[in-house]
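**Student:**
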Amino acid sequence: MTSRGALYFAIMAVVLIGTGIFQSWNVAFGILMMCMISAIMALGVNIQWGYGGLLNFGVMGFTALGGLTAMLVSYPPVPEAWAAGGSGIMLSLLLLLATVAAVMVARRKVPAQYKTLTTVVLIIAGFFLIRVFYLPAVDRIEAVNPGETGFLGGLGLPIIISWVLGGLVAAGAAWLIGKVALGLRADYLAIATLGIAEIIIAILKYEDWLTRGVKNVTGLPRPAPPQTEVMLAHWFVSINDFFGMDETRAAIALALKVIYVVLFLIVLVTIFWFSERALKSPWGRMMRAIRDNRDAAAAMGKNVTHRHLQVFVLGCAVVGVAGAMLTTLDGQLTPTTYIPLRYTFLIWVMVILGGSGNNWGAVLGGFIIWFVWVQSEPFGHWFMANVTMAMSEDNWLRNHLISGAVYMRYVLMGLILLTVLRFAPSGLIPERSKHSS
Amino acid sequence: MDILNAFAMFANFVLIPATAYGAQLALGALGVTLIFGILRFANFAHGELMSFGAMATILATWGLQGMGVSIHPLPTALLALPVGILAAITVALLSDRFVYRFYRHNRASPITFAMASIGLMFLLAGLIRFIIGPQHQHFADGERFLISAFEFRELTGLSQGIAIRQTQVITFVVALVVMAALFWFLQKTKSGKAMRAYSDNEDLSLLSGINPDRVVMIAWMITAALAATAATLYGLDKVYQPFIFLQMLLPIFAATILGGIGQPVGAILGAFVVAYSEVMVTYAFRQVVGLLGPADWVPDSMLQLMSTNYKFAVSFIILVVVLLVRPTGIIRGKVIER
């Protein structure tokens, strides 16, 4: 990292500390946690775009897969639902795997002229066979106490395991998707991944047996005891009464946030370290060679398709980890909150602003953009309230301006992205190349 | 009689809604394909451009309603549409002047253009939500039905009615008129020919003295007009809500690529293929088939391939299959260099 980069990070730290002093430390730590998750997502996108030149507009989908894993790992199982339809679902899953395997074997063994035909026949046969077992099982599961469960539940394991598993699930999905969609031209890949993300979110929203759909799964267990629980705990109440101080509550809330910050920091540093190592290794040089001139790299004997698949899977895995962490932090899975502007394109603004191809830049972009994104809301309110000071309280224009102020953050993000693209296309911390060092 | 009844039901729930939807998609896809052909990039801000045009139309509609202007039984929005078109054209020309022109003159890669369109998407999405808010707006104030299911049954004596909503007819008629005008423009006028030449071979067209800035300007104006019209028709037919337009981008892109990039006829074909597949794959054919079978019999299953919630999947599957099997589209479109 250059001294300029270090300066940016120092400014960012000062701004966060300033938030702590002038707003509150709880707010500052809240922002810091989300900054770190954003930084991890930006690292994931940077691996794909900065290293490999892949345009993945499906970040939202892989974030959601990580979140789904967090829920599935941590939520206690619902035995009644498993008894009702567990076997049917398991059978459907096995059949799905069998179909995929059959298609893959067929594509290798069947002679070229029948390849497409066999694939289509196998997929259609698999689709109808699965439905025979799947649909009744779903009905039975969703009938079990729909007000409270109505889904299979999870494994009831500690949620922190899902940070690894979330990455693996996202990687698995990315491998399947990459097998089909990679090799497309860059902007076609972007369109295709945009669609995949929408499909993943649709699955989360409407497969009630898996996620409870729009009814949401709340109350996921946390890696640290939740704030309210500590506050109501017997020992805490007695300590608090003994001292008779209100500050203790805030202190406990803050201490819990610090636990999260430390956990997130461990993940961020680990992923960052591996990303940096990979970038500086011969593998990283090969990836950049493929990105800059794929024909030349292919002529040098590099298997471009395989490398693209590899980098796509790795990037999606990192995004999946961040998705699991995000759901852990929220303590709930709410499929309706996943929208592309927030979970796909905002991450892209982070990467472009920070400097694509540079991991320090991705992290910095994640921090800055998240901070601006969050703080623009109170700022927008404050600004609009001041601008419209002269108007009367019930003036419709004043109320409209104040209620609409929150959407100015989108406008701000658009302006940031356009400005960076135009005037500093290599970002705040540009990629280091042989020429400049 | 039963065959007729089954057809009436099919027409009512599949054929007519899908045709209206297809016409709306076609107008959107025509704009995307023009920009893809002339400026050679995937315009991710197209959905928001549509949304902006529809928003301006709605605001103008409210203004007209406030003044008491009405063209009942037609919806007031038709009278307000020119305002929406002008607003969309203004946005498109401003974005070209302040964003795309710079990259065009620098011969930037299509990816840079696409990324800049993401910036515009954010900008427009924010402005739209700031001005009109994120909630949905109904603004169709005309007569609801051209012929209601009840009237149809009375008229024909069938047990199944075909309801034809006025907005569906308006959609279809307006789309036809707009498309005819577009093809007349592209085939017969000098500017239209210049546009096609520029789309086919940029360098050769420049050599023959075609002014690229003019071609691009006309392309943006047409695209914006089509976008505003498409979104207004969609809003009249269903409902206007800002977030829908990002999701509509997928079927529109699918239609564009299916039809072949830069191919207006292809875009229309593609739009109807996408619309019909989307509606047919997600429609439960149970009762239609029941009418065809013996009396008082209905199939046990719903005969629905996919739940309506997965309609994105249809566009996506079409997209991927086309890209893998015939990347140039139905009508051989251009393959843009990376």
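Going down the list, the sequences are from chains S and X. Residue 296 in numbering that gives the first Met the number 0 is what sits at position 297 of the first sequence, and the numbering runs on without skipping anything. Residue 243 in numbering that gives the first Met the number 0 is what sits at position 244 of the second sequence, and the numbering runs on without skipping anything. The C-beta atom is built at its ideal place from N, Cα and C for all residues, glycine as well.
1. How close, in whole Å, do the beta carbons of G83/X and A227/X come, if the pair is a contact with beta carbons under 8 Å?
2. Starting from the C-beta of A170/S, find all residues in its chain whose C-beta is less than 8 Å away, skip the five residues before and the five after it, and write them out in chain order.
3. I'd like the span of the alpha helix (DSSP H) that includes A368/S, first residue to last.
4. Closer than 8 Å, Cβ to any Cβ of chain S: which residues of the stretch 230-250 of chain X, in chain order?
5. Going by C-alpha to C-alpha distance, which of G57/S, F150/S, G51/S and V120/S sits closest to G84/S?
6. How should A107/S be labelled, buried or exposed, when 16 other C-beta atoms within 10 angstroms of its C-beta is the threshold for buried?
7. With C-beta atoms as the reference, is Y74/S less than 9 Å away from G153/S?
8. Please classify E392/S as buried or exposed, where buried requires at least 16 other C-beta atoms within 10 Å of its C-beta.
9. Please classify Q112/S as buried or exposed, where buried requires at least 16 neighbouring CB atoms within 10 angstroms.
10. Taking only beta-carbon atoms, is F344/S less than 9 Å away from chain X?
11. Below 9 Å between beta carbons: does that hold for W451/S and A69/S?
12. Tell me, please, whether the CB atom of L38/X is closer than 9 Å to any CB atom in chain S?
13. Could you tell me the alpha carbon to alpha carbon distance between P424/S and L363/S, rounded to whole angstroms?
14. Based on the DSSP secondary-structure assignment, which residues constitute the bridge partners of Y337/S?
15. Does the CB of P109/X have a neighbour CB from chain S at under 9 Å?
16. Interface residues of chain S around F252/X at Cβ under 7 Å?
17. Classify L206/X: buried if its beta carbon has 16 or more other beta carbons within 10 angstroms, exposed otherwise.
18. What residues in the stretch 367-378 of chain S have a beta carbon less than 9 Å from any beta carbon of chain X?
19. Between S375/S and the rest of its own chain, which residues show a CB-CB distance below 6 Å, the 5 nearest in sequence each way excluded?
20. What residues from chain X crowd round L121/S, counting only those whose CB sits closer than 9 Å?
21. Between the C-alpha atoms of L188/S and G182/S, what's the straight-line distance to the nearest angstrom?
22. Considering only the beta carbon of each residue, do G365/S and I428/S sit closer than 9 Å?
23. Where does Y239/X sit, in a helix, a strand or coil, going by DSSP?
24. Is S435/S close to chain X, meaning its C-beta is less than 9 Å from at least one C-beta of that chain?
25. If you reduce the DSSP assignment to three classes, tell me which class I163/X lands in.
26. Could you check whether the stretch 99-118 of chain X touches the stretch 319-335 of chain S, counting it as contact only if at least three pairs of C-beta atoms, one from each stretch, sit closer than 8 Å?
27. Which residues share a DSSP beta bridge with V440/S?
28. Which residues of chain X have a Cβ atom closer than 8 Å to the Cβ of R408/S, listed in chain order?
29. Which chain S residues sit within Cβ distance under 9 Å of F101/X?
30. Answer yes if the stretch 177-192 of chain X comes into contact with the stretch 247-257 of chain X, meaning at least three C-beta pairs across the two stretches below 8 Å, and no otherwise.
31. Measure from the C-beta of I265/S to each C-beta in chain X and report whether the shortest distance is under 9 Å.
32. Which same chain residues end up closer than 8 Å to A355/X when comparing Cβ atoms and leaving out the 5 residues on each side of it in sequence?
33. Closer than 8 Å: is that where the CB of M324/S sits relative to any heavy atom of the ligand MG?
34. By the criterion of Cβ-Cβ separation under 8 Å, what are the contact partners of L119/X in chain S?
35. Would you grab the beta carbon distance between I330/X and V264/X for me? Rounded to a whole angstrom, and I think it's under 8 Å.
36. At least one CB of chain S closer than 9 Å to the CB of L92/X: is that the case?
**Tutor:** On the basis of the data shown:
1. 4 Å
2. V312, L313, C315, A316 and G319
3. What sits at residue 368/S in the sequence shown is Ile, not Ala. Where I368/S is concerned, the enclosing alpha helix (DSSP H) stretches over N358 to V386.
4. F242, L245, Q246, L248 and L249
5. F150/S
6. It is worth fixing the name first, because residue 107/S is Arg in this sequence and not Ala. Exposed, since its Cβ has fewer than 16 Cβ neighbours within 10 Å.
7. yes
8. E392/S comes out exposed.
9. Exposed, because fewer than 16 other Cβ atoms sit within 10 Å of the Cβ of Q112/S.
10. yes
11. Look at the range of chain S in this structure, 0 to 436, and you will see that residue 451/S is not part of it.
12. no
13. 16 Å
14. In the DSSP output, where bridge partners are listed per residue, Y337/S has none listed.
15. So yes, P109/X belongs to the interface.
16. I190
17. exposed
18. none
19. R408 and L411
20. The contacting residues do not exist; L121/S stays about 15 Å from chain X at best.
21. 8 Å
22. no
23. Strand.
24. Because the pLDDT at S435/S is just 43, under 50, the model does not fix this residue reliably, and the point stays unresolved.
25. strand
26. no
27. Limits of chain S in this structure are 0 at one end and 436 at the other, which puts residue 440/S out of reach.
28. G125
29. Result: R421.
30. By the C-beta criterion, the stretch 247-257 of chain X is judged not to be in contact with the stretch 177-192 of chain X, since fewer than 3 inter-stretch pairs fall below 8 Å.
31. Between I265/S and chain X, the shortest Cβ-Cβ separation is not below 9 Å.
32. No answer is possible for residue 355/X: it lies beyond the span of chain X, which begins at 0 and ends at 337.
33. As far as ligands go, the structure on display features none, and thus does not contain the ligand MG.
34. Contact of L119/X with chain S by beta-carbon distance below 8 Å involves G413 and L417.
35. 6 Å
36. Chain S contact via Cβ: absent.
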